[in-house]
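Encoded as structure tokens, the structure appears first; notes follow it.
Put into structure tokens, the structure is as follows:
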């Protein structure tokens, strides 16, 4: 079990790659159930770059051994993707599944203002998963890892008698006093959100819904792409934490409403969201309008955007300039309040903030 | 998703406990599907001790923030338990499932000679899992955590449309040059194993097999207990690493044969195991004998023992004295060799080392 791939964990360079390559010529119908655990691990290693010097022991031993980043606190998070809950293999390419598995975790590090360093991958694999799909999932993970300079330090492979499950643990680093928590907002802090919202929720509907004449007209590749390939706001998170521009931060994995509620509760404040200010993705707005849905409600409640929600003290607003280097839009969408109510301000009056997505009830 | 439990991660003390307790009076038929994610997280927190000072941000934020141990490398490992693969709820008490989920991970840290510090818990839960079972699984984890001074720093809860999956990531620390890898054995190093072997494999057969007149006579509570509640050799691993008594180390999660093979391959050596020297559990030997199985073969191939296999240079043998403080027996069972063959020496002659358990083929 676990990190076994034969060979010492320190030897992840050229020889490891060769071991992997010798296994790549598999017939197209091959499934993971036809391969040993060691062969599957070799296929993963074949898709990874050499280990960095701070990885003292990497893939291939009972555990990974890591040199901590100097003068930094460590930031750790875990998140799982479960087939049938978080993705549907019928309309999600294997690369997109792999991309998402790592990206959603990096989004958590981004929300803490942490620089990502490494990931541990734990797969529960149905025996009938095509080997080619497995390779493509790993390639999707490897591409996100390479983009964000994250190194796979180890993991675990096991069979699943049910759905495909990918559990990813990520570790990053942050200066201890610069970590962005959910609990730092105060009354009168302004509420910002990065990028645009609603696109991923619309994209998911576009992928999964029944085809209609309306749907085919207003489908947006951009929304579908936003759903399939979420982009964690790692650089923005780093910039917001370095000069303490943000007093609190969280990612929108479960939607804007959920994030506003969580930050407000953790900070003992209320919030008023200005509906007119919300940066709703144009393609998503078109989609929701065409289907008779309220675009504001849909964009507030919809999940999977992986943007950042953050609080900014009014007198520190000029610190946000530094964060513009991320190239990501930042929109002021409301204010935290001493009154604990959570409201959406609309032309017709204030309405309660809707509930976010709940996994169990 | 993830660490959400409302409230700042720093506030894990009394108030967190009260929040949890208010949810404990559930009807007996309640299932996890009847509860929100937040309620389930509150139930976990209610079973955990207060966070230690080095946990700067714990459960309840996007990620945990940890102060690294001074002058130590960090050791990370992940392992998953999948219902139907690693346990059967029909004959495994929920506490035992929780115990195992953390214990098998701590065994990996033990094999590296690392001191455990923290764990991240990721659950994929069937909606129909009784809430009481969930609580008992968490209690099983909490008991092992308390015993080894491991703190839960965060985690993730999600639904599973299939089996129960528990993914645990553990982090520990070790002095960089004291980490015990698989690759450090040399020819003529003596091979040792801790404790006794075969008990867990026999225990699993006792639990899962058909009842027969033979079986009922030779069943052993001790073997069943060894299977259900594996004891990670954390203290022994620490003692073996501190004075470098061991030149290589690995745990027996997948059996003795697998461990010998992995260490030999990682160290570029062969091995001869002396069958007569193997510390086979007496109850297991009785069970295998009664069923006409070769006790040596069964004990070598059987998994789940979570003992440590380690190599000792002959001239450093006296360093093992320090490790006796662990109270765990250490038995010399063979020798690593320059010849790459992997052999079991028996009265009738040498036979090839059997294959260990393979998860996919």
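Residue numbers (my numbering), protein chains in the order written: chain A, 1 to 361; chain B, 1 to 361. All C-beta atoms in this analysis are idealised placements derived from N, C-alpha and C, irrespective of residue type, glycine included.
Here residue 169 of chain A is buried. Its C-beta has 16 or more other C-beta atoms within 10 Å. For residue 82 of chain B against residue 165 of chain B, the beta-carbon gap comes to about 5 Å, under 8 Å, which counts as contact. Excluding five sequence positions before and after residue 108 of chain B, the CB atoms of its chain that fall closer than 6 Å to its own CB belong to 77, given in chain order. Inter-residue distance for residue 230 of chain A and residue 305 of chain A is about 7 Å (C-alpha atoms, whole angstroms). Residue B:221 holds the alpha-carbon nearest to the alpha-carbon of residue 284 of chain B among B:221, B:153, B:174.
Residue 241 of chain B sits in a helix when the DSSP states are folded into three classes. Between residue 74 of chain B and residue 54 of chain B, the C-beta spacing is not below 8 Å. By alpha-carbon distance to residue 119 of chain B, the top candidate from B:158, B:103, B:128 is B:103. The DSSP-derived three-state label of residue 157 of chain A is strand.
Per DSSP, the beta bridge partners of residue 121 of chain A are A:155, A:168.
Contact with chain B is absent for residue 307 of chain A, since none of that chain's Cβ atoms lies less than 8 Å from the residue's Cβ. For residue 29 of chain A, the number of other beta carbons within 10 angstroms of its own is below 16, and it is reported as exposed. When C-alpha distances from residue 60 of chain B are compared across B:152, B:299, B:111, B:70, the shortest belongs to B:152. The residues 157, in chain order, have a CB closer than 6 Å to that of residue 37 of chain B in the same chain once the five nearest residues on each side in sequence are set aside. When the five nearest sequence neighbours on each side are left out, the beta carbons in the same chain lying within less than 6 Å of the beta carbon of residue 172 of chain A are those of 75, 109, 114, 115, 116, 117, in order along the chain. By the neighbour-count criterion, in which a residue is buried when 16 or more other Cβ atoms sit within 10 angstroms of its Cβ, residue 325 of chain B is exposed. Taken atom to atom, the span from the alpha-carbon of residue 71 of chain B to that of residue 70 of chain A is near 10 Å.
Residue 47 of chain B: not part of any alpha helix (DSSP H); DSSP gives it neither H nor E. Rounded to whole angstroms, the separation of the alpha carbons of residue 141 of chain B and residue 147 of chain B is 10 Å. Here residue 318 of chain A is exposed. Its C-beta has fewer than 16 other C-beta atoms within 10 Å. A buried status is given to residue 62 of chain B, since no fewer than 16 other beta-carbon atoms sit within 10 Å of its beta-carbon. Residues of chain A whose Cβ lies closer than 7 Å to the Cβ of residue 68 of chain B are, in chain order, 68, 74. Close to chain B, meaning a Cβ-Cβ distance shorter than 9 Å, are the following residues of the region 108-120 of chain A: 108, 109, 110, 111, 112, 114, 118, 120. The region 32-47 of chain B makes no contact with the region 123-130 of chain A, as fewer than three CB pairs between them are under 8 Å.
For the region 51-63 of chain A, the set of residues with a beta-carbon nearer than 8 Å to any beta-carbon of chain B comprises 56, 57, 60, 61, 62, 63, in chain order. Residue 260 of chain B sits buried, since 16 or more C-beta atoms from the chains shown fall within 10 Å of its C-beta.
In its chain, beyond the 5 residues on either side, 111, 182, 259, 262, 263, 309 have a beta carbon closer than 7 Å to the beta carbon of residue 250 of chain A. Per DSSP, residue 133 of chain B is one residue of the alpha helix (DSSP H) stretching across 131-147. Between residue 250 of chain A and chain B, the shortest Cβ-Cβ separation is below 8 Å. Using a Cβ-Cβ cut-off of 7 Å, residue 124 of chain B is close to 80, 82, 165 of chain A, given in chain order. With contacts defined as CB atoms closer than 8 Å, residue 241 of chain B and residue 316 of chain B fail to qualify as a contacting pair. Here DSSP, grouped into helix, strand and coil, assigns residue 194 of chain A to strand. Judged by beta-carbon spacing, residue 246 of chain A lies beyond the 8 Å limit of residue 187 of chain A, meaning their Cβ atoms are not closer than that value. Between the region 128-141 of chain B and the region 84-97 of chain B, the count of C-beta pairs closer than 8 Å reaches three or more; the two stretches touch. Around residue 31 of chain B, the same chain offers 127, 128, 129, 130, 131 as residues with beta carbons nearer than 8 Å, after the five sequence neighbours per side are excluded. Neighbours of residue 29 of chain B across chain A, judged by C-beta separation under 8 Å, do not exist; the nearest C-beta is about 16 Å away.
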